Amino acid sequence: MTTTPSTSSEPPLTADDLASCGYQQAFARDPEPWYLGMSTELNLEIGTAQREGHCTRERALILLARICSLQLEPDNKRAPFMPEWKAPDGRCGFMPEDLTSDEIATLSWFAEGVENTLLKARVADIVWLRERRRGIAFAHMAIDTYCQLPLDGDSWLLSGRDGWRRALQLARAIRDAGRVASIEASLLHAFRDAVAAPDRIALSYLGPMWAEDAGRAHAEDIGERLAAQAEARQREGQHADALEYAEAAARWFTRAPAGASREAAMLVLVGQIMAAIGDAAGAAITRKYWYAKAIEMYRAVPGAYREEHQVHTMIAAVRAQQDAAGREALNEMESFEHVIDLSPFAAKARDRVQGRSPFGALWALTRIHALPNRAQLIAAAEWPLPTGRISRLFDSVVLANDGRAVARRQGSGVDRAARDAQVLAEATQACHLLCTTTVIGMILPALETMWREMHVDLGTFEALASRAPLVPNERAALVAQGLHAGWCGDFVQAVHILVPQFEHIVRMKLKAAGALTTTHDAAGLDTEIGLSNLIERPEMRDAFDVDLTFTIRALMCDPAGPNLRNMVAHGLADESLVKGPYGIYLWWLVLRLVLEQCAAMERPAGTADSTATDHSANAGE
Numbered sequence: 001m002t003t004t005p006s007t008s009s010e011p012p013l014t015a016d017d018l019a020s021c022g023y024q025q026a027f028a029r030d031p032e033p034w035y036l037g038m039s040t041e042l043n044l045e046i047g048t049a050q051r052e053g054h055c056t057r058e059r060a061l062i063l064l065a066r067i068c069s070l071q072l073e074p075d076n077k078r079a080p081f082m083p084e085w086k087a088p089d090g091r092c093g094f095m096p097e098d099l100t101s102d103e104i105a106t107l108s109w110f111a112e113g114v115e116n117t118l119l120k121a122r123v124a125d126i127v128w129l130r131e132r133r134r135g136i137a138f139a140h141m142a143i144d145t146y147c148q149l150p151l152d153g154d155s156w157l158l159s160g161r162d163g164w165r166r167a168l169q170l171a172r173a174i175r176d177a178g179r180v181a182s183i184e185a186s187l188l189h190a191f192r193d194a195v196a197a198p199d200r201i202a203l204s205y206l207g208p209m210w211a212e213d214a215g216r217a218h219a220e221d222i223g224e225r226l227a228a229q230a231e232a233r234q235r236e237g238q239h240a241d242a243l244e245y246a247e248a249a250a251r252w253f254t255r256a257p258a259g260a261s262r263e264a265a266m267l268v269l270v271g272q273i274m275a276a277i278g279d280a281a282g283a284a285i286t287r288k289y290w291y292a293k294a295i296e297m298y299r300a301v302p303g304a305y306r307e308e309h310q311v312h313t314m315i316a317a318v319r320a321q322q323d324a325a326g327r328e329a330l331n332e333m334e335s336f337e338h339v340i341d342l343s344p345f346a347a348k349a350r351d352r353v354q355g356r357s358p359f360g361a362l363w364a365l366t367r368i369h370a371l372p373n374r375a376q377l378i379a380a381a382e383w384p385l386p387t388g389r390i391s392r393l394f395d396s397v398v399l400a401n402d403g404r405a406v407a408r409r410q411g412s413g414v415d416r417a418a419r420d421a422q423v424l425a426e427a428t429q430a431c432h433l434l435c436t437t438t439v440i441g442m443i444l445p446a447l448e449t450m451w452r453e454m455h456v457d458l459g460t461f462e463a464l465a466s467r468a469p470l471v472p473n474e475r476a477a478l479v480a481q482g483l484h485a486g487w488c489g490d491f492v493q494a495v496h497i498l499v500p501q502f503e504h505i506v507r508m509k510l511k512a513a514g515a516l517t518t519t520h521d522a523a524g525l526d527t528e529i530g531l532s533n534l535i536e537r538p539e540m541r542d543a544f545d546v547d548l549t550f551t552i553r554a555l556m557c558d559p560a561g562p563n564l565r566n567m568v569a570h571g572l573a574d575e576s577l578v579k580g581p582y583g584i585y586l587w588w589l590v591l592r593l594v595l596e597q598c599a600a601m602e603r604p605a606g607t608a609d610s611t612a613t614d615h616s617a618n619a620g621e
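Sequential numbering of the sequence shown, starting at 1, is according to UniProt numbering.
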């Protein structure tokens, strides 16, 4: 690895400078063996050196404090030491790459005489990481010193676990079979001594071996010991402990040469424990969660062992419990109401359509409000995140009216992908609310006025649908029937006609844009892709624009929302859904698109409609 040459005008530090800087006294103030505490105490000592004007001592303490500040991340084998902090603009704290060649040389001379175990292991590790040419002795020193860390008590959890894993990682990297075997033996001895203890520390002794793919020769023995503990703790009613031991046993049996049957047995045991945890839970939503986890575990049992363990029977029994818990969970929930006064919007909507010709009123109806603006709704969902709601940190599940879990949202935490998904989910939820208020506060009041003042027959809608390029000629009559049914107030018929016809329209538009709308399987058969997947195609935004695509997805394909396409297709849509705001909005949306296309056909090329409202102009008003 390339080293950084020193550019400082000050003389390089020596090993004696580091040895005499007072790090021992600093560490003595905090007897807890962990790097964060060591770094904190060294920083306090740096302040003392600054006040006393001891420049060399200050520099030595700063170097050691930086080394102790590094965060060991064994999962990142190429760069196991990460900076203490990182800023969004790319700035970060001290990294091993910041060490100069003089500093590495000084650390190499200093390492042998270091008295503190953690500091000695860290210094030797960094010298080996940065300059292999200084000899494998530093790798040996790091391994052997890490292995001096105690295998018990708080020190194991503070620093020992990561230290022993790093030792095993280094030993395997340099192919030192003797040291690997010694480390495995020490960890196995600690595990066997602690496996029957009431706490779960025994599991943590297996962590380094599992993470570094070690201990395979002992996998069966480890699995059997874990399985025995899982069964014993389950009998005693200690379900949480039993679950962890059973899950660990199943994992270790995957590494045993003939462990498939025992792995299957452990997966079944895990499922049984999860179901038992569900039975003991008070809240129905908690029971539903654990029953779902139990079913997931039963399904993980390989097919060859399912009949032996009666897996299908157990899945059926737990499914019944899950369904019952889902229905109970709905009764446990509390509804929150927020009253919004829509009367001013209703009055304006009536004025927009009153006294017009039938076509003029229909046009005014479709321009009564803009489509939801995706960018604005996303921005509104992102805005509270810096301060945020605590609920965003946790996973959540969406239940359907019959208690089924239909969508799951991951907590945002620090995961960018989870954060973006949650922002999109909240923006989509805001779109649902906007559609509802648009129907109740604008569309329905306008329709009531139009129903009193005019009559529009089926022939009018047939003429409109046949003139709209969006609607295929052979489907114009069907689309017209759906639009006319909605005009007559029969939104049950309207939705059941327009949902499949609109999906066909989307498919035709995407085909014209060059998108594949079918899948070709191994048997040579072509299957149409459903709307939920078509909506994610990049060509969708080109064919329908971003805001319309967002609205279609929110209205027809969002499992956490009305999900009109799938609810209608699978016979799950009840009267309250299709006659409610979402069904009415879908009818209005199709009518809007048809009239837009008719108006575009009537206008001379190069002119714009002064009464038209752009999709994105007024979203969220």
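Note that beta-carbon positions come from the ideal geometry of N, C-alpha and C, so glycine has one too.
Given the structure is predicted, the values throughout are model-derived calculations rather than measurements.
A residue is called buried when at least 16 other Cβ atoms come within 10 angstroms of its Cβ; residue 547 meets this threshold and is buried.
Sequence-distant partners of residue 216 (beyond 5 residues in either direction) whose C-beta falls short of 6 Å from its own C-beta, in its chain, are 255. Assignment of residue 590 by DSSP, reduced to helix, strand and coil, places it in the helix class.
Taking the C-beta atoms as reference points, residue 230 is found no nearer than 9 Å to residue 188. Counting along the chain, residue 236 sits inside no beta strand (DSSP E), nor does DSSP assign it H or E at all. Secondary structure note for residue 382: its alpha helix (DSSP H) is the uninterrupted segment 374-382.
The three-state secondary structure of residue 182, taken from DSSP, is helix.
With a beta-carbon spacing of about 5 Å, residue 249 and residue 223 fall inside the 8 Å limit used to define contacts. Counting along the chain, the unbroken beta strand (DSSP E) around residue 526 starts and ends at 526-528. According to DSSP, residue pairing for residue 519 in a beta bridge involves 527. Shown here, residue 405 sits in a strand according to DSSP, grouped into three states. Residue 203 and residue 242 have their alpha carbons spaced roughly 12 Å apart. Straight through space, the alpha carbons of residue 15 and residue 87 are spaced by roughly 33 Å.
Here the segment 541-561 makes no contact with the segment 476-488; the two share fewer than three CB pairs at distances below 8 Å. DSSP places residue 254 outside both helix and strand once states are collapsed to three, so it counts as coil. Sequence-distant partners of residue 430 (beyond 5 residues in either direction) whose C-beta falls short of 7 Å from its own C-beta, in its chain, are 377, 380 and 381. Bounds of any alpha helix (DSSP H) do not take in residue 305, whose DSSP letter is neither H nor E. In this structure, 517 is the residue among 470, 593 and 517 with its C-alpha nearest to the C-alpha of residue 529. Close CB contacts of residue 458 within its chain, under the 6 Å cut and outside five residues either way in sequence, are with 484 (chain order). When secondary structure is reduced to three states using DSSP, residue 94 falls in the coil class, being assigned neither helix nor strand. In this structure, residue 276 and residue 432 do not form a Cβ contact; the two beta carbons are roughly 38 Å apart against a cut-off of 8 Å. For residue 576, the enclosing alpha helix (DSSP H) covers residues 575-578.
Distances from the CA of residue 141 to each of 571, 120, 355 and 325 were compared; the closest alpha carbon is that of 120. Put simply, the backbone Cα of residue 582 is about 47 Å away from that of residue 305. For residue 29, the CB contacts under 7 Å within the same chain, skipping 5 residues up- and downstream, are 41 in chain order. Annotated three-state conformation of residue 509 is helix, per DSSP.
Nearest to residue 308 by C-alpha distance, out of 261, 597, 324 and 571, is 261.
A distance below 8 Å between beta-carbons, with the five flanking residues on each side excluded, links residue 197 to no residue of its chain.
DSSP places residue 103 in the uninterrupted alpha helix (DSSP H) bounded by 101-111. CA-CA distance, residue 351 to residue 506, rounds to 34 Å. Contact check between the segment 446-462 and the segment 562-575: fewer than three CB pairs, one atom from each, fall below 8 Å, which does not count as touching. In this structure, the CA atom of residue 452 is about 12 Å from the CA atom of residue 358.
DSSP places residue 204 inside the alpha helix (DSSP H), whose first and last residues are 201-211. A residue is called buried once 16 or more other Cβ atoms fall within 10 Å of its Cβ, and residue 347, having fewer, is exposed. Comparing alpha carbon positions, the residue from 195, 164 and 193 closest to residue 181 is 164. In this structure, the CA atom of residue 89 is about 25 Å from the CA atom of residue 63.
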